[in-house]
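Sequence order for the protein chains is A and B. Residue numbers for the first sequence, in my numbering: 1 to 270. Residue numbers for the second sequence, in my numbering: 1001 to 1401. Here a beta-carbon is modelled for each residue, glycine too, at the ideal position from N, C-alpha and C. Given the structure is predicted, the values throughout are model-derived calculations rather than measurements. Here the structure comes first, spelled out in structure tokens, and everything after it is commentary.
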Amino acid sequence: MKIAVCIKQVPGTTDIKIDPETNTLVRQGIENIINPFDSYAVEEGVRIKEGLDADDKYKGESEVIAVTMGPPQAEEMLKEAVASGVDRIVLLSDRAFAGADTWATSTTLAMAVDKLEDVKLVIFGKQTLDGDTGQVGPEFAQRMNIPFIGYVSEIMGISAKKIKVKRLAEDRYEIFEIRLPAAISVIKDINTPRVPSLRGKMKAKSAEVLVWTASELGADKDEVGLSGSYTQVVKIFTPKMVYDVSMIEGTPEEQVEELFKNLKNLNIVS
Amino acid sequence: MEIKVNESTCTGCSLCRGVCLYDAIEIKEGKAVIGETCVFCGACVESCKFESIEIIGLDTEEKDFSDYRGAWVYLEAHGNKLADVGLELLSEGRKLADNLKVPLTGIAIGSGIEKNAMIAFQYGMDKLYIIDDPIFENNIDDIFSKALVQLISKHKPEIFLAGATSFGRTLAPKVAAILKTGLTADCTGLAIDDEKKILLQTRPTFGGNILATIITRNARPQMATVRPHVMEKIKTARDTGGISGDVIKIEIDPENFKTKYKMLGTETEKGEKINITDYEVIVSGGRGLGGGEKFELLKELAGTLSGVVGASRAAVDSGWISYPHQVGQTGKTVNPKIYIACGISGAIQHLAGMQTSDIIIAINKDPNAPIFKVANYGIVGDLFEIIPMLIKRIKEGKPLV
Chain A
1 MKIAVCIKQV PGTTDIKIDP ETNTLVRQGI ENIINPFDSY AVEEGVRIKE
51 GLDADDKYKG ESEVIAVTMG PPQAEEMLKE AVASGVDRIV LLSDRAFAGA
101 DTWATSTTLA MAVDKLEDVK LVIFGKQTLD GDTGQVGPEF AQRMNIPFIG
151 YVSEIMGISA KKIKVKRLAE DRYEIFEIRL PAAISVIKDI NTPRVPSLRG
201 KMKAKSAEVL VWTASELGAD KDEVGLSGSY TQVVKIFTPK MVYDVSMIEG
251 TPEEQVEELF KNLKNLNIVS
Chain B
1001 MEIKVNESTC TGCSLCRGVC LYDAIEIKEG KAVIGETCVF CGACVESCKF
1051 ESIEIIGLDT EEKDFSDYRG AWVYLEAHGN KLADVGLELL SEGRKLADNL
1101 KVPLTGIAIG SGIEKNAMIA FQYGMDKLYI IDDPIFENNI DDIFSKALVQ
1151 LISKHKPEIF LAGATSFGRT LAPKVAAILK TGLTADCTGL AIDDEKKILL
1201 QTRPTFGGNI LATIITRNAR PQMATVRPHV MEKIKTARDT GGISGDVIKI
1251 EIDPENFKTK YKMLGTETEK GEKINITDYE VIVSGGRGLG GGEKFELLKE
1301 LAGTLSGVVG ASRAAVDSGW ISYPHQVGQT GKTVNPKIYI ACGISGAIQH
1351 LAGMQTSDII IAINKDPNAP IFKVANYGIV GDLFEIIPML IKRIKEGKPL
1401 V
């Protein structure tokens, strides 16, 4: 079974602040990392493969391919995915992809998954750390015209034709069975990503990255990047967070009494 | 498309470098050079005092969308009950509709939903579309998206809003993908541009540290999702008296709505409230609690405040409480009226998930804990002393001092 995992490289922290004196962004020492949610997707893809390999019926048939769209430096993250057990890595990189919104991103990923041929399962992290939308998975699935289940916390079974998953809804878990090919997004609850082995790290070093440009995907320039996007950022600014902190002092009794008064003023208690 | 720096006017002042979120700009030999990581966000174009940066080749030709009219809100329901988020969106949608001088329409889809959907008229809605059929008993996105797409394609609203719930966050992208239009997730601000009469969609990004205003270009409807509790639910009496209005029932042929998803069952955590984003009060515990059994104390406090228990990543990773309770970057983003952080130091990842709460109360032993920087009320003290006393104070109603 061919399993694709769509991953993204993001800044390692969202703690981006504006220097009040120079009014510029302070981003010292920020490293790029794999989107944390995507590390669960990678791990789950590898686990599914291992599970299928342990079954005589499917032994040796599975492959996990990590796909990312990003600048050339995303190659590093892809190699780390190899260390975690991924078999093949694909980098979609082209200036034409820049400025893509979730729609143009899902279009590009869909073209890549099509090009990989016969992919049965596509796994996403539930959202990215920087964009935070969680939209690429469902938009991708709709584009591919395959079912999508978001917020998956457990894969309860998988065969050549079907997958059974448990997913976290607002107030309950829901258990679904869908036919393959399909796409899912996973949450942190699903697994604990492994620490890459030494052997994995060696493999990563020599791993070859398949780089696909827009023309190699057969993409029209108007379909991808900012040109292929339906949304566009028109302004970026930092929120004015003014916190009016009032520390409640005194003995514990005085503190609780004061807190109680505040809760009362807020109509939380009577 | 490309982004160009006019070398004859660029002074290499590096203002643009300071605003670039993507670290794409370098100053080389006194001129700004824009690199591969640029995403054409345009922040540098605006920052440049010398008008030296230009994005070229972007199709800015504006299409005519005059046949798209009206603001629509998807009224998400669970079972036969409307979720609050839809009513909150109606209240917000009312302002947008008034600005545009267009009607505000709600869409309710469900099984046995008709009666409960009528309450939406109290929140400023002019018109209601109802699809009421047993096949819509469970929220399953493929048939719901199909129903919505049919309605939207037929009636062409200019704005479509949905709640950013776990269902809405799958449903809305599917609808947008079928309609081939833009969608902005988790907006915290919606406004109409006075001149162009388009929807300005403002949302936090980079964990809430940056706000971005986004527009939908070259497609309609302009679609956005909004998280629960971000907008305020406001009752308004309309001309109709606010109890009824234009109700249009849509009859569907169930044969055309066959889902590809087989729902095998549901599970709830025994006696646990896991839909923490639904509550107005969240009492959260962190590492300072020291153990899973200590969450009982927080549950008791949450119980007296009709709230729910949340947790930091540290508490969840220690196995003290289950993941659906986790607040923060890798957990849920919450915005309750009151957030009480107990024994939570306030790592940036946690703050990203709760800093938009209306009122934050922090109880922590360490006076230097970063949580106190975002709190409205801070108590430096032992939570095992403070919380039992607070519970007692609430229950017994006797002043302590």
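Interface residue (Cβ-Cβ distance to chain B less than 7 Å): asparagine 32 of chain A is not classified as such.
The alpha-carbon separation between methionine 156 of chain A and lysine 188 of chain A amounts to approximately 16 Å. In the displayed model, tyrosine 1123 of chain B falls within a strand according to three-state DSSP. Of the residues A:Met247, A:Gly225, A:Ala207, A:Phe37, the one whose Cα lies closest to the Cα of arginine 88 of chain A is A:Ala207. Membership of aspartate 1246 of chain B in the beta strand (DSSP E) is indicated by the continuous run 1246-1249. For proline 1173 of chain B, at least one C-beta of chain A is nearer than 7 Å to its own C-beta. At a cut-off of 7 Å between beta carbons, valine 67 of chain A makes no contact with chain B.
For the stretch 189-265 of chain A, the continuous beta strand (DSSP E) assignments of 3+ residues that do not extend past its boundaries occur at 209-212, 231-237, in sequence order.
If you draw a straight line from the Cα of serine 1357 of chain B to the Cα of glycine 1208 of chain B, it is about 12 Å long. Within chain A, the residues Asp101, Thr102, Trp103, Thr133, Gln135, Glu139, Tyr230, Thr231 have their CB atoms less than 9 Å from the CB of leucine 1183 of chain B, given in chain order.
Contact between the stretch 1189-1200 of chain B and the stretch 1245-1252 of chain B is absent: fewer than three C-beta pairs spanning the two stretches fall below 8 Å.
The alpha-carbon of histidine 1155 of chain B is positioned some 17 Å away from that of phenylalanine 1144 of chain B. In this model, cysteine 1010 of chain B and threonine 231 of chain A are separated by some 29 Å (Cα to Cα). By the rule that beta-carbons nearer than 7 Å mark a contact, asparagine 1368 of chain B does not touch chain A. When DSSP states are grouped into helix, strand and coil, cysteine 1044 of chain B belongs to the helix group.
In the three-state reduction of the DSSP assignment, aspartate 1132 of chain B falls in the strand class, which pools E and B. Where methionine 1354 of chain B is concerned, the enclosing alpha helix (DSSP H) starts and stops at 1348-1354. At a beta-carbon threshold of 7 Å, the residues of chain B lying near glutamate 174 of chain A are Met1263, Thr1266, ordered along the chain. Shown here for cysteine 1048 of chain B: same chain residues with a beta carbon closer than 7 Å to its own, the five before and five after excluded, namely Leu1015, Cys1016 in chain order. Per DSSP, the continuous alpha helix (DSSP H) segment holding alanine 1147 of chain B begins and ends at 1141-1155. Pairing leucine 263 of chain A with lysine 1233 of chain B, the inter-Cα distance amounts to about 21 Å. For the stretch 66-86 of chain A, the set of positions with a beta-carbon nearer than 7 Å to some beta-carbon of chain B reads Pro71, Pro72 in chain order. Looking at B:Phe1121, B:Ile1055, B:Val1327, B:Ile1131, the one whose alpha-carbon comes closest to that of alanine 1314 of chain B is B:Val1327.
Residue pairing by DSSP places tryptophan 103 of chain A in no beta bridge whatsoever. Secondary structure within the stretch 1303-1373 of chain B: the alpha helix (DSSP H) runs of 4 or more consecutive residues, fully enclosed, are 1313-1317, 1348-1354 (chain order). For the stretch 1034-1048 of chain B, the beta-carbon criterion of a distance under 7 Å to any beta-carbon of chain A is satisfied by Glu1036, Thr1037, Cys1038, Val1039, Phe1040, Cys1041, Gly1042, Ala1043. Nearest to glycine 1381 of chain B by alpha-carbon distance, out of B:Asp1366, B:Met1389, B:Pro1388, is B:Asp1366. As DSSP reads the structure, cysteine 1013 of chain B sits in no beta bridge. With 16 or more other Cβ atoms from the protein chains shown falling within 10 Å of its own Cβ, glutamate 80 of chain A counts as buried. Isoleucine 1359 of chain B places its beta carbon 7 Å or farther from that of isoleucine 1252 of chain B.
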